[in-house]
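Everything on this sheet refers to the single structure shown next.
Protein chains: 2
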Amino acid sequence: MEGTPTSRAERRRRTEERILSAARAIFAERGFQRTTIRAVAAAAEVDPALVMQYFGSKQELFEQAVRIPSIPPLDGELAPVEELLGRIGMKMGPLPQATLAMMRSMLTHPDAAEEVRGKLDGQVAQLADAIGSGDAELRAALMVSTMLGVTIAHQLLGLTALHGASPERIAETLRPSLRALAEG
Amino acid sequence: MEGTPTSRAERRRRTEERILSAARAIFAERGFQRTTIRAVAAAAEVDPALVMQYFGSKQELFEQAVRIPSIPPLDGELAPVEELLGRIGMKMGPLPQATLAMMRSMLTHPDAAEEVRGKLDGQVAQLADAIGSGDAELRAALMVSTMLGVTIAHQLLGLTALHGASPERIAETLRPSLRALAEG
DNA sequence: CGCTTCGCTCAACAGATGTTGACTCAACGA
DNA sequence: TCGTTGAGTCAACATCTGTTGAGCGAAGCG
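Line by line, the protein sequences give chains A and B. With the numbering used here applied, the first sequence covers 1228 to 1411. With the numbering used here applied, the second sequence covers 1228 to 1411.
Below, the structure written as structure tokens:
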């Protein structure tokens, strides 16, 4: 009826993206170990061997799937603490599956742990710079840890008390707590 | 030389405890999936088949290993919020391996997730009772989530900024933040 | 059209892992 | 002393899973 004879290169790009998308979803839901190449292939409606041919190994598939554009979080000037707090609302919203996959795997997959630790360390350093007082680094680390815990409890564990709460309400309720950490 | 001919029942209890101890350690370090019966057996210096004979399945071994005496956290009377905050220092110290095993597995092992969610929900309910204001449940959930996040970042991920910090210092720095959540 | 390229599949291997059943041997009770 | 019990071992099975190499068939190109 329509019959758009997609070119070979185009088809290739599509199936590759279909595999990556399926991988992200399953990695996010089950974590690295419990995700099987066969399951990803089935979800992408493709033979398992093709996944290997494209990505070489399960580990590389994971790396490609969870790779995030990595927007420079703070370019140049240091943002004031209040503005940093303002961004929290965004982080409480539905996270990209690549991030969820990373978080889901970070406690049981050493490479994911390393990656997350690095990312969080970076956020801590930025926040510490923005704060600047005596034990700024410790307080910044506790702020980041707080965000981490709330995200895990909300998105991955599904604490019943957080289950129905909107991201805005969570961010709003959390704000005084984070401000207390940011100031003396 | 010494030759204390331990009785059969006594030997049985010892090896069983040796297996459970090894299981706790490895579950805490690697999580449920990556822990193998063979590894546990090797650490306990025992044949893998014996582990099965004693515990029936890997799942049951996990349940027995992470079973915690479950001290009634708040018996009878509701403790004041300040006293609850005082207990935080204890929770920041080195956790029992059973707890670590549970936390390590909670993101990738559905049963562990269920168990942890239940336990945290219980803590939330208790805290909410102690707080009592309008959105007490949400604020209690955020307090518990904060503790969860800090514990994960400190004990499981090893954030560099928290790595060298003493439990007391962490608890002290965290206190104003939690108090801000507990009050309006 | 005929040859090449390449997206994709099929079948299979190799290793790891949970689990089982037969067996050994020392402790135990009569 | 002798039969029984039960702790502990050995070898094996069945399955799952990452990974590989040969092959098919259509798109691309001259």
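Here a beta-carbon is modelled for each residue, glycine too, at the ideal position from N, C-alpha and C.
Can you give me the C-alpha to C-alpha distance between A:Phe1282 and B:Thr1262, rounded to a whole angstrom?
Here the question's residue 1282 of chain A lines up with position 55 in the first sequence. Here the question's residue 1262 of chain B lines up with position 35 in the second sequence. In a straight line, the C-alpha of A:Phe1282 is about 27 angstroms away from that of B:Thr1262.
For the 8 angstroms Cβ check, are there 3 or more pairs between the region 1244-1252 of chain A and the region 1267-1282 of chain A?
Pairwise C-beta distances place the region 1244-1252 of chain A in contact with the region 1267-1282 of chain A, as three or more of them are shorter than 8 angstroms.
Could you check what DSSP says for A:Gly1192 in three-state terms: helix, strand or coil?
Residue 1192 of chain A falls outside the range modelled here, since chain A spans only 1228 to 1411, and no answer is possible.
In terms of alpha-carbon separation, which member of A:Met1319, A:Met1329, A:Ala1270 and A:Ala1269 lies closest to A:Glu1290?
In the first sequence, counting from the first residue as 1, residue 1290 of chain A sits at position 63. The shortest Cα separation from A:Glu1290 among A:Met1319, A:Met1329, A:Ala1270 and A:Ala1269 belongs to A:Met1329.
Using DSSP with H/G/I as helix, E/B as strand and the rest coil, what is B:Val1273?
On the second sequence, position 46 is the one that residue 1273 of chain B refers to. Correct three-state label for B:Val1273: coil.
Are there 16 or more other CB atoms within 10 angstroms of the CB of B:Glu1304, so buried, or fewer, so exposed?
For the purposes of this step, residue 1304 of chain B is taken as the residue at position 77 of the second sequence. Low local confidence applies: a pLDDT of 46 at B:Glu1304 is under 50, so the model's placement there is unreliable, and no value is given.
Could you tell me which chain A residues have their CB closer than 7 angstroms to the CB of B:Gln1260, listed as they occur along the chain?
If you number the second sequence from 1, residue 1260 of chain B lands on position 33. Gln1260, Arg1261 and Thr1335, listed in chain order.
Using beta-carbon positions only, say whether B:Arg1331 and A:Leu1369 come within less than 7 angstroms of one another.
Here the question's residue 1331 of chain B lines up with position 104 in the second sequence. Here the question's residue 1369 of chain A lines up with position 142 in the first sequence. For B:Arg1331 and A:Leu1369, no; Cβs fall outside 7 angstroms.
In terms of alpha-carbon separation, which member of B:Leu1327, B:Asp1362, B:Lys1318 and B:Val1267 lies closest to B:Ser1393?
On the second sequence, position 166 is the one that residue 1393 of chain B refers to. Scanning B:Leu1327, B:Asp1362, B:Lys1318 and B:Val1267 for the CA closest to the CA of B:Ser1393 turns up B:Lys1318.
How would you list, in chain order, the residues of chain B whose beta-carbon sits under 8 angstroms from the beta-carbon of A:Pro1403?
The residue you call residue 1403 of chain A lines up with position 176 of the first sequence. Simply Ala1407 and Leu1408.
Under a CB-based cut-off of 7 angstroms, is A:Ala1392 close to chain B?
As a first step, residue 1392 of chain A is located in the first sequence; it is residue number 165 there, counting from the start. A:Ala1392 counts as touching chain B.
Determine, using beta carbons only, whether A:Asp1348 comes closer than 7 angstroms to chain B.
Taking the first residue of the first sequence as 1, we reach residue 1348 of chain A at position 121. A:Asp1348 counts as touching chain B.
In three-state terms, what does DSSP make of B:His1390?
For the purposes of this step, residue 1390 of chain B is identified with residue 163 of the second sequence, where counting begins at 1. It is helical.
Using 7 angstroms as the limit for Cβ to Cβ distance, is A:Val1377 near chain B?
In the first sequence, residue 1377 of chain A corresponds to position 150, counting from 1. Yes, A:Val1377 counts as interfacial toward chain B.
Quick one: residues in its chain with C-beta nearer than 6 angstroms to the C-beta of A:Ala1340, no 5 flanking neighbours on either side, listed in chain order?
Walking along the first sequence from the start, residue 1340 of chain A turns up at place 113. The answer, listed in chain order, is Met1333.
Label A:His1336 either buried or exposed according to how many other C-beta atoms from any shown protein chain fall within 10 Å of its C-beta, with 16 as the threshold for buried.
As a first step, residue 1336 of chain A must be located in the first sequence, where it is residue number 109. Answer is buried; the Cβ neighbour count reaches 16.
Would you report the Cα separation of B:Thr1242 and B:Ala1271, rounded to the nearest angstrom?
Here residue 1242 of chain B is taken as the residue at index 15 of the second sequence, counted from 1. Here residue 1271 of chain B is taken as the residue at index 44 of the second sequence, counted from 1. For B:Thr1242 and B:Ala1271, the distance between alpha carbons rounds to 8 angstroms.
Find the residues of chain B that neighbour A:Ser1372, judging by a C-beta separation of less than 8 angstroms, and give them in chain order.
Numbered from 1 along the first sequence, position 145 holds the residue referred to as residue 1372 of chain A. Within chain B, the residues near A:Ser1372 are Thr1373, Gly1376, Val1377, Ile1379, Ala1380, His1381, Leu1386 and Leu1389.
Pull up the distance between the alpha-carbon of B:Ala1292 and that of A:Asp1356, whole angstroms please.
Numbered from its first residue, the second sequence carries residue 1292 of chain B at position 65. Numbered from its first residue, the first sequence carries residue 1356 of chain A at position 129. Roughly 43 angstroms separates the two Cα atoms.
Going by DSSP in three states, A:Asp1338 sits in which element: helix, strand or coil?
Numbered from 1 along the first sequence, position 111 holds the residue referred to as residue 1338 of chain A. DSSP places A:Asp1338 in helix when its eight states are reduced to three.
Could you confirm whether any beta carbon from chain A is found closer than 7 angstroms to the beta carbon of B:Leu1368?
Here the question's residue 1368 of chain B lines up with position 141 in the second sequence. Sequence check: residue 1368 of chain B is Ala here, not Leu. Answer yes: the Cβ-Cβ gap between B:Ala1368 and chain A drops below 7 angstroms somewhere.
From A:Ile1397 to B:Leu1288, what does the alpha carbon distance come to, in whole angstroms?
Position 170 of the first sequence, counted from the start, is the residue given in the question as residue 1397 of chain A. Position 61 of the second sequence, counted from the start, is the residue given in the question as residue 1288 of chain B. Their Cα atoms are separated by approximately 38 angstroms.
So the alpha helix (DSSP H) B:Leu1375 belongs to, where does it begin and stop?
Locating residue 1375 of chain B in the second sequence gives position 148, counting from the first residue. First-last of the alpha helix (DSSP H) with B:Leu1375: Ala1363 to Thr1378.
Under 8 angstroms between beta-carbons, which chain A residues line up against B:Leu1365? List them in chain order, please.
Start at 1 with the first residue of the second sequence, and residue 1365 of chain B comes out as number 138. Here the neighbours are Ala1388, Leu1389, Ala1392, Arg1396, Ile1397 and Thr1400.
Taking A:Met1333 as part of the alpha helix (DSSP H), name the residues at either end of that continuous run.
Start at 1 with the first residue of the first sequence, and residue 1333 of chain A comes out as number 106. Premise fails: A:Met1333 is in no alpha helix (DSSP H) and is neither H nor E.
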